[in-house]
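Per the numbering used here, residue 1344 is the first one in the sequence shown, and the count goes up by one each step.
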Amino acid sequence: MKLLYIQASPRKAKSHCLAIGDALAEAWQRYNPEATITRRNVFETAMPEADYDAVEARYLTLSGQPVPEGTEESWRQAEAEALNFASHDRYIIATPMWNYHLPYKLKHYLDLIFQPGITVRASASYDQAVKSKRVCFVLSRGGMYSPGSPLDFQRPYLAHLFDRLGFTSANLHWLIIEPTADTPQNIKDLHTIKIAEALTLAKEF
Ligand SMILES: Cc1cc2nc3c(=O)[nH]c(=O)nc-3n(C[C@H](O)[C@H](O)[C@H](O)COP(=O)(O)O)c2cc1C
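Okay, structure coming up:
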């Protein structure tokens, strides 16, 4: 079993979503000692640019045409990101809300791994296998967003994208940390509650 833990806050030890994501990852590892966890902070690791060559190669591949010599490199890098994503069984995606949506580095990562033929409309065997993959989104927000709030472009976007990636809705899990713009005592209490939720989820994740 392989778990990919995508971290999308640059705030290191001060980050709310990373604190709860770490608690989930560590508890899950205790239940799955043979499993491997790969941690990737999108603010700290290089990602290939979705530049002209990479995007052109994507259109060419989609229409069944060969990718021209010399433009292959950036496409291969993007393809490698998608293949690496596809090779995992469990995912934790820990991200703050930025301007009602995702931090731009996470959007960059998601644009790289959302690749027709690799993670979307892939082989019949992959499309079957993805149904047993699970993801937990650990979302931190300064404010409070009721379910269905028209201001929340974070959760509905992720739910839709992972539906398109073939995940079943029962395999999408959510740990929502809000509001983080609060008193130190309330934040401490919020962390206690969310860590307990993470520990419960870790048993079945
Ligand atoms: C650039 C930026 C934009 C933000 N935009 C929002 C926002 O639209 N809505 C909100 O509720 N909080 C917003 N926040 C606050 C963060 O979501 C909040 O502080 C969150 O807990 C940060 O998570 P972290 O500690 O894991 O990085 C923003 C913070 C930053 C740095």
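Heads up, the beta-carbon is just placed ideally off N, CA and C, and yes, glycines get one too. In this text the structure is predicted, and so the values were computed from the model without any measurement.
Using alpha carbons as the reference points, say which of the options lies closest to residue i.
i     : options                       : result
T1438 : Y1447, P1522 and S1352        : S1352
L1367 : L1455, L1347 and N1529        : L1347
I1461 : R1419, S1483, G1485 and R1498 : R1419
T1379 : E1369, F1386 and V1385        : E1369
C1479 : I1456, S1406 and F1505        : F1505
W1517 : Q1372, G1485, F1548 and A1472 : F1548
Any heavy atom of ligand 1 inside 7 Å of the beta-carbon of residue i?
i     : result
K1357 : yes
Y1443 : yes
P1439 : yes
R1373 : no
L1361 : yes
A1382 : Reading off the sequence shown, one finds Arg at residue 1382, where the question assumed Ala. Not so, every heavy atom of ligand 1 lies at least 7 Å from the Cβ.
S1489 : no
R1354 : yes
R1401 : no
S1492 : no
R1419 : no
G1485 : yes
Mind checking residue i: buried by the 16 CB within 10 Å criterion, or exposed?
i     : result
I1436 : buried
I1536 : exposed
A1397 : buried
M1344 : exposed
G1364 : buried
Going residue by residue through the segment 1363-1403, where are the continuous beta strand (DSSP E) segments of at least 3 residues, counting only ones entirely within it? Listed in chain order, the complete beta strand (DSSP E) runs (minimum 3 residues) inside the segment 1363-1403 are 1379-1384.
At 4 residues or longer, and completely inside the segment 1467-1499: list those alpha helix (DSSP H) runs for me, N to C. 1467-1472, all fully within the segment 1467-1499.
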